[in-house]
Amino acid sequence: MAIKVDRLVLRHIRMPLVHFFETSFGRTHQRDIILAEAIADDVSGWGEVTAGENPFYNEEWTGSIWPLLIDYVAPRILQYPFLSPADVGPRTAYIRGHQMARGGVETAIWDLQARLNNEPLWKTIGGGAREEIPCGVSIGIQDSIDKLLEKIEVELQAGYQRIKMKIKPGWDVDVVRQVRERFPEIKLMADANSAYTLADTDHLKQLDEFYLMMIEQPLAHDDIIDHAALQSALNTPICLDECIRSAHHAEQAIRLKAARIINIKLGRVGGFAEAKRVHDICQANDIPVWCGGMLESGIGRAGNIALSTLPNFVLPGDVSASKRYWERDIIKPPVEVSPQGTIQISNAPGLGYELDLDYLESLVVRREVLV
Ligand code: OSB
Ligand code: MG
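Structure, rendered in structure tokens:
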């Protein structure tokens with residue numbers, strides 16, 4: 001039976017982070033998140049737009065999402081009879097780029113489909129290869145190395161299976177060395193968020209000494225070719241994040257040997273259908289994948305958990321407990337991580353968590369109802 005979305009409600013919510021999060025492109029203290037609620041026959045599906053507050057990770061940002069959804073996505077989505085949520089991507093593909101904006105609505109329609117089917121979202125998307133998700137954490141750049149070491153200790157005590165640390169010029173080889181000296185056995189990786197160029201090849205080669213699981217996105221956000229050149233010079237596997245916005249990019253990166261691992265983010269590739277295609281191409285080429293994070297609220301986090309049940313998500317991802325980000329999350333219960341560093345998947349319909357609607361509404365700074 002076709003789904004027709006008869007109302008799309010956009011909410012812009014503001015949520016303070018428990019701790020600031022710093023990457024090579026800047027520090028975030030509070031999140032400005034756009035949520036999409038797609039309604040059909042009084043059943044709601046929810047999706048989170050994972051764009052940041054500034055156009056620094058990619059070109060999308062909270063401010064660009066709002067008009068894009070109102071002017072370009074909503075008119076193509078409302079009242080259109082979708083045979084499958086997989087058709088939402090093609091229906092909005094006339095828009096160049098803007099995967100995160102489009103993905104927020106696409107994921108809402110998958111959740112809507114799951115709720116209409118009265119089944120968990122992981123089932124609707126064709127996942128379910130595992131009942132618990134292996135979890136790692138992403139730790140931002142800190143004010144001191146001591147602070148970083150202390151944070152790593154706390155996360156290891158909590159059970160997380162791998163540690164990702166952010167690096168940038170001036171906070172890289174020496175910091176990684178000290179982390180390695182203190183924690184010689186842990187699964188460790190570094191994420192540069194595009195802070196280097198090929199001219200830094202010799203510098204980055206020094207990281208080979210620390211047997212990292214991978215170096216994530218060292219070079220430009222849109223340059224697969226330079227990553228191929230760097231990968232041929234490094235022993236450490238490169239993992240691509242920013243560069244992979246589609247299954248076609250994944251296929252090209254694999255063909256060029258630009259990466260040995262790929263991080264899949266729902267928003268960055270425009271939603272579940274494309275994320276699955278990226279997953280499948282990687283699986284067919286023996287490239288393991290893991291689920292990245294964008295400091296999501298509980299809604300995006302629940303979507304990431306569903307995605308992580310696809311079979312080739314074999315490495316611990318960046319999907320971690322709600323309490324690492326939020327004093328109070330907008331879902332009930334919050335996402336919790338076991339002492340073994342895993343998240344148990346939920347069998348409840350849709351995202352698998354209840355929304356704390358009263359709390360969510362209290363965070364809204366603007367709203368738009370589209371019919
Ligand atoms: O590159 O993976 C990234 C956060 C914001 C923007 C980009 C990235 C990140 C993270 C945090 O590393 C992942 C998370 O804890 O949600
Ligand atoms: Mg990254």
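Residue numbers (the working numbering): 1 to 371.
All residues carry an ideal CB built from backbone N, CA and C; glycine is no exception.
| Asked | Found |
| --- | --- |
| If you check the beta carbons only, do C282 and I254 fall under 9 Å apart? | yes |
| So is V365 buried or exposed if we call it buried at 16+ other beta carbons inside 10 Å? | exposed |
| Using only the heavy atoms of the ligand MG, determine whether one of them is closer than 8 Å to the beta carbon of Q161. | no |
| Measuring straight from C-alpha to C-alpha, what distance separates R31 and N118? | 31 Å |
| Quick check: the Cα distance between Y196 and V319, rounded to an integer number of angstroms? | 26 Å |
| Alpha carbon to alpha carbon, what distance is there between N193 and E242? | 8 Å |
| Tell me which residues share the same chain as T28 and place their Cβ nearer than 6 Å to its Cβ, disregarding the 5 neighbours each side in the sequence. | F21 |
| Are the segment 40-53 and the segment 290-302 touching by the rule of at least three beta carbon pairs closer than 8 Å? | yes |
| Just to confirm, does K323 get its C-beta within under 8 Å of one of the non-hydrogen atoms of the ligand OSB? | no |
| If I measure Cβ to Cβ from R260 and keep anything under 6 Å in the same chain, skipping five residues before and after, which residues do I get? | P237 |
| Taking all protein chains shown into account, decide if G97 is buried (16 or more other Cβ within 10 angstroms of its Cβ) or exposed. | exposed |
| What number of angstroms, rounded off, separates the C-alpha of A101 from the C-alpha of T92? | 10 Å |
| Examine the ligand MG and report whether any of its heavy atoms sits within less than 8 Å of the Cβ of Q99. | no |
| If you count every other CB in all the chains shown that lies within 10 Å of the CB of S84, and 16 or more means buried, which is it? | exposed |
| The beta strand (DSSP E) with D32 in it runs from where to where? | G26 to A40 |
| Answer with buried or exposed for Y94, where buried requires no fewer than 16 other C-beta atoms within 10 angstroms of its C-beta. | exposed |
| Sorted by chain position, which residues of the same chain lie with C-beta nearer than 6 Å to P334's C-beta, five sequence neighbours on each side aside? | S322 |
| Across which residues does DSSP place S138 in a beta bridge pair? | K164 |
| Look at P134 and G341 and say whether their C-beta atoms are less than 9 Å apart. | yes |
| By alpha-carbon positions, which one of P311, I262 and G271 ends up nearest to I287? | I262 |
| From the DSSP output, read off the bridge partner residues of M213. | Paired residue(s): none; M213 is not in a bridge. |
| With DSSP as the reference, label M15 as helix, strand or coil. | strand |
| Please specify which runs of the beta strand (DSSP E), each continuous and at least 3 residues long, are wholly inside the segment 79-146, giving them in chain order. | 132-134 and 136-139 |
| I think I109 touches V88, with their Cβ atoms under 8 Å apart; what is that distance to the nearest whole Å? | 5 Å |
| For the alpha helix (DSSP H) that contains N304, what are its first and last residues? | G298 to L307 |
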